[in-house]
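Here is the structure we will look at, set down as structure tokens.
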Amino acid sequence: MSRALPASLFAALWLWATAAAAVDTVRLDLAQVAGPGWQAKQVHVGMTLLPDGGLALELGAAEAELPPPLGRQTDLRLSCAHARLDGPWIACPAAEARLRLPGVDQNPLALGFRYRPADKTLTLNLPDTSVAAGRLKLSARLGPSGWSADIHARHLDAARLPKVAKALGLDPGALNLSGRADLDAQLSGSPGGLRRARFDVKLPGFGFLVGDGSNAAEGLNLDVAGQLDRAGTDAWHLDATLHGAAGTLCLSDCWNLPPKPLTVRLTGTAHPGAGTLSLTQVSLNQPDQVQASGRLSLGTKDGKVALHSLHLDLQPSRLGELYRRYLQPLLIGTAGESLDADGQVSGTLDYADAGIQASLTLGRANIDDRKGRFGLYGVGGDLRWSSTGPAHPARLHWNGGHLFQFGLGAATMELSLSPRSVRLSRTANIGILDGALQVDHFQLDHPEDGDTKVEFDGVLEPVSMQAVSHALGWPVMSGKLSGVIPAVTYDHGSLDVGGVLLVRAFDGTITIRGLRLEQLFGLVPTLAADVDIQRLDLDALTRTFSFGSMQGRISGHINGLRMQDWKPVAFDARLGTPANDDSRHRISQKAVENLTSIGGGGLGGALQRQFLSFFKEFSYDRLGLSCHLENGVCRMGGVAPASQGYYIVKGGGLPRIDIVGFQKQVDWNELVARLESAIASSPAVVR
Amino acid sequence: MKHATTLSALLMPLWLTACVTINVYFPAAAAQQAADRIVQEVYGKKPGTDQNKTPAATPGTEPRSDAGHPLTLARVFVATLEAVVPPAHAAANLNVSTPAIRALTASMAKRQDALQPYYASGAVGMTRDGLITVRNPGAVALRERNQVKQLVADENRDRNALYGEIAKANGHPEWESEIRATFARSWVSNARDGWWYQDGKGNWVQKK
Chain A
1402 MSRALPASLF AALWLWATAA AAVDTVRLDL AQVAGPGWQA KQVHVGMTLL PDGGLALELG
1462 AAEAELPPPL GRQTDLRLSC AHARLDGPWI ACPAAEARLR LPGVDQNPLA LGFRYRPADK
1522 TLTLNLPDTS VAAGRLKLSA RLGPSGWSAD IHARHLDAAR LPKVAKALGL DPGALNLSGR
1582 ADLDAQLSGS PGGLRRARFD VKLPGFGFLV GDGSNAAEGL NLDVAGQLDR AGTDAWHLDA
1642 TLHGAAGTLC LSDCWNLPPK PLTVRLTGTA HPGAGTLSLT QVSLNQPDQV QASGRLSLGT
1702 KDGKVALHSL HLDLQPSRLG ELYRRYLQPL LIGTAGESLD ADGQVSGTLD YADAGIQASL
1762 TLGRANIDDR KGRFGLYGVG GDLRWSSTGP AHPARLHWNG GHLFQFGLGA ATMELSLSPR
1822 SVRLSRTANI GILDGALQVD HFQLDHPEDG DTKVEFDGVL EPVSMQAVSH ALGWPVMSGK
1882 LSGVIPAVTY DHGSLDVGGV LLVRAFDGTI TIRGLRLEQL FGLVPTLAAD VDIQRLDLDA
1942 LTRTFSFGSM QGRISGHING LRMQDWKPVA FDARLGTPAN DDSRHRISQK AVENLTSIGG
2002 GGLGGALQRQ FLSFFKEFSY DRLGLSCHLE NGVCRMGGVA PASQGYYIVK GGGLPRIDIV
2062 GFQKQVDWNE LVARLESAIA SSPAVVR
Chain B
58 MKHATTLSAL LMPLWLTACV TINVYFPAAA AQQAADRIVQ EVYGKKPGTD QNKTPAATPG
118 TEPRSDAGHP LTLARVFVAT LEAVVPPAHA AANLNVSTPA IRALTASMAK RQDALQPYYA
178 SGAVGMTRDG LITVRNPGAV ALRERNQVKQ LVADENRDRN ALYGEIAKAN GHPEWESEIR
238 ATFARSWVSN ARDGWWYQDG KGNWVQKK
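Those protein sequence lines, which keep their order, are chains A and B.
Residue numbering for the first sequence follows this note's numbering, starting at 1402 and increasing by one per position.
Residue numbering for the second sequence follows this note's numbering, starting at 58 and increasing by one per position.
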């Protein structure tokens, strides 16, 4: 059993061999040799004296257990064709080693080394070695107090690097890499392991994939340079700068990196054993677009990465790029998923166990929904919010906007933001079309375990029906729309408007109750309401719709109205001459023709037609129509039953006319088509 | 509707004595037919082709036997209602032809081509509540992931709107959960082999 130090043994052999010149070859066989952290079995050392005074050396072991990253080796061999003494050094510039090294494709390896027996220092030089499908140059120095290595690698196959890392004692877990890597690194350490690493890694077309693939990247052009220093038994100090461009990065959510590089700087301390990372300085700079800096601390909880604390300062940045590149992927599935945005934004975000604090400043921002549902232009303001703290005052103003087809005017909102609610602190006036919505009270509550509630109290100041009908693509109507809205509730995408909206038009009133907007941000928003109609002036109404002149008043209701795409799909409507109506009741020939066509006939034969054409105008007692629309079918009725039908117009006075409808069920679309053709004042069909 | 209500009131004692627990009014058979028709339109199949082999475990329900089950009774009574009252006015008929339902169906049918490869690869699966979800993000190329997330969000928005709209269009908003369950079965039974769905317990199963 020998526990001799090989260096002194080697030196002794050299002296012996050179002194005893008669001996040409010496060979020594040892069963086992060991030192701190290593051992070798069936070791042989051989040397042959060369004529020029140099030595040919050979060192081998059948089995060896060496310090990482060399590890366990079999049939280990180191041969040097020509070793010489160079001052205190034993030098072998051209040696060959048979050993397995992590990632090295070449075996045996060409290398050079020098050994200084006095302080047991070895320097090693790999001139050009095939490693991980690329080329590697390495020079290393190993001494009793530590080691250092200088590495220059080009075109490494990144896919093979996790295995190399593992062999070097860095466990990468279930990590897959792709792409090529160029690496320049200076490493140094103690016999126990790494102490310091300076690195510059260039990764063109880089990709990674962890575990199930939720966290992955592809096509990134990365350049990571920095320094890693051991700062304790389980502490590493990190200072790194990352330039990244192109490709896609997914950390559950996915982001596309910009074509021009963005720069990320990280400074902090990692505790791999404890699974924590504390970055005292983090900054992100996307030139001319987005700048942010801050600090954060990460830990692990139940095997997953968890954020402990975060402070983020968003310096004035472009809202468009911030939204498009960074926020939009997080907003998929919300109303904010498809916006066009521009303007300037800055803010802060603080996250800790105690809660979240955020502030946001917007300047000259334009936000427009690409689906045309809403937009706000020239938005500015300061918002501050805390998840725990007191309510913060906030101010938001805009120059204009729209909600669906309805144009919004400039407005300023003075708000108060509490942890789970937003309250309007001062009456706001929002222009709508040519009128305005005066909001006296607004409060949105989002309880932790309940549905969002909205309280609303406001007044709709008169909007002209001309503007409303223009916005909705309806025939231009006169009159005014106004209302008192004591309550609005919002629940699961549906907006219920309490109170009564009042339309003053055609010298009468139309009141709208139970207004409800369903699927407000869905594919087909639905409007539901109950409408009450009082004493509209038929003359004004028929002139607006060029239906053919009628005189008198009309009242009624449209209950259970449901509209989709601004077209009715269901209602129960009844419109007719109000009781005790003392207005003049006249109906023109053209209106008669049109009414007849709507009711599906009632006049027939040449006699009636001649009679009809004889008078320009007729007198009536009552007129009216009812329609119960359901499932695309309108069940029709009139003012009174007639034999086989119903009276649409019941005559009175002279010349008297009765119009009787016979069709009790009419296809709604056909009815609309008939009405439209009547309004288009094409020659009426009198059957 | 009024007729149906009156009739059901007359039938009430019968229900009570039969210890029936299910909602009398929900027209299960008509709903299943309507759901199948919409689902087949979305999947791009002509109605009537591939008359569906219902999978052994339909999502959201336990396999049911026919004899003596309340649902069978419901079907019998629905049939009775249909015989007494012209179908157009009975609760047993389901209106699925509002503009919103047509628009939602068309929107989903248009999206189907884009979703299909992800159903086939198992990246996207059908949940037991009649929606879809990204069940295996690793099966989607990174540059397509946001697009898939968007497709799934859009599809679910349409589906949720559809279930609610059918219930409302028929004057019974409270039917939504039954319509959803009906559709959940239909999406799976009309799906292609190899697509993934959640069984009643929430486990992922590949349709065979």
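A virtual CB, placed ideally from N, CA and C, is assigned to each residue, including glycine.
- Only those residues of the stretch 1584-1615 of chain A whose C-beta falls short of 9 Å from the nearest C-beta of chain B are listed: G1608, L1610, G1612, D1613, G1614, S1615.
- In this structure, L1797(A) lies near G1782(A), with their beta-carbon atoms less than 8 Å apart.
- Within the stretch 2016-2028 of chain A, no residue has its Cβ closer than 7 Å to any Cβ of chain B.
- Secondary structure of D2022(A) (DSSP, three-state): strand.
- F1972(A) sits in a strand when the DSSP states are folded into three classes.
- For the pair N2032(A) and A157(B), the Cα-to-Cα distance works out to about 12 Å.
- Taking C-alpha positions only, R1917(A) is separated from V1901(A) by approximately 12 Å.
- The beta carbon of C2028(A) is closer than 6 Å to those of A1974, C2035, M2037 in its chain, skipping five residues each way along the sequence.
- The Cβ atoms of Y1752(A) and S1684(A) lie no closer than 8 Å to each other.
- Below 8 Å, enough C-beta pairs join the stretch 1849-1860 of chain A and the stretch 1874-1892 of chain A to call them touching: three or more.
- Residues of chain A with a Cβ closer than 8 Å to the Cβ of L161(B) are, in chain order, L1924, V1925.
- Residues of the stretch 2050-2071 of chain A whose Cβ lies closer than 8 Å to any Cβ of chain B: none.
- Cβ-Cβ distances below 6 Å link P1545(A) to K1521 in the same chain, with the five nearest sequence neighbours on each side left out; the list follows chain order.
- Bridge partners of H1445(A) according to DSSP: D1430(A), G1461(A).
- Residue burial annotation: Q1692(A) is buried, with at least 16 other C-beta atoms found within 10 angstroms of its C-beta.
- L199(B) has a beta carbon lying within less than 8 Å of a beta carbon in chain A.
- Taking 8 Å as the threshold, the shortest C-beta distance from R214(B) to chain A falls below it.
- V2040(A) carries a coil assignment under DSSP once its states are collapsed to helix, strand and coil.
- Around the beta carbon of S1591(A), fewer than 16 other beta carbons sit within 10 angstroms, so the residue counts as exposed.
- Excluding its 5 nearest sequence neighbours in each direction, S1895(A) has C-beta neighbours in its own chain below 8 Å: R1917, L1918, E1919, Q1920, L1921, listed in chain order.
- Uninterrupted beta strand (DSSP E) stretches at least 3 residues long and entirely within the stretch 1824-1875 of chain A occur at 1829-1833, 1836-1846, 1854-1865, given in chain order.
- Comparing C-alpha distances from P1452(A) to each of T1426(A), P1470(A), E1466(A), A1435(A) shows the shortest one belongs to T1426(A).
- In this structure the stretch 1557-1576 of chain A touches the stretch 1601-1616 of chain A; the number of beta carbon pairs closer than 8 Å is three or more.
- Within 7 Å of the CB of R202(B), the CB atoms of chain A belong to C1651, C1655, in sequence order along the chain.
- Counting other Cβ atoms within 10 Å of its Cβ, N260(B) stays below 16 and is therefore classed as exposed.
- CA-CA distance, R216(B) to D1897(A), rounds to 22 Å.
- About 6 Å separates the CB atoms of L2030(A) and W2069(A); that is less than 8 Å, so the two are in contact.
- Excluding its 5 nearest sequence neighbours in each direction, L1658(A) has C-beta neighbours in its own chain below 6 Å: G1645, A1646, A1647, G1648, listed in chain order.
- Within the stretch 1648-1706 of chain A, the beta strand (DSSP E) runs of at least 3 residues that lie entirely inside it are, in chain order, 1649-1652, 1654-1657, 1663-1672, 1677-1687, 1691-1702.
- Look at F83(B) here: in three-state DSSP terms it is coil, with no helix or strand label.
- Within the stretch 172-201 of chain B, P194, G195, L199, R200 place their CB atoms closer than 7 Å to a CB of chain A, listed in sequence order.
- For the beta strand (DSSP E) assignment, the uninterrupted runs of no fewer than 3 residues enclosed by the stretch 1513-1569 of chain A are, from N- to C-terminal side, 1522-1532, 1535-1544, 1547-1558.
- According to the DSSP assignment, K2051(A) belongs to the beta strand (DSSP E) that extends over 2046-2052.
- In the DSSP assignment, Y1752(A) falls within the beta strand (DSSP E) that extends over 1740-1753.
- Taking a beta-carbon distance threshold of 8 Å, Q1839(A) does not count as an interface residue toward chain B.
- The DSSP-derived three-state label of M165(B) is helix.
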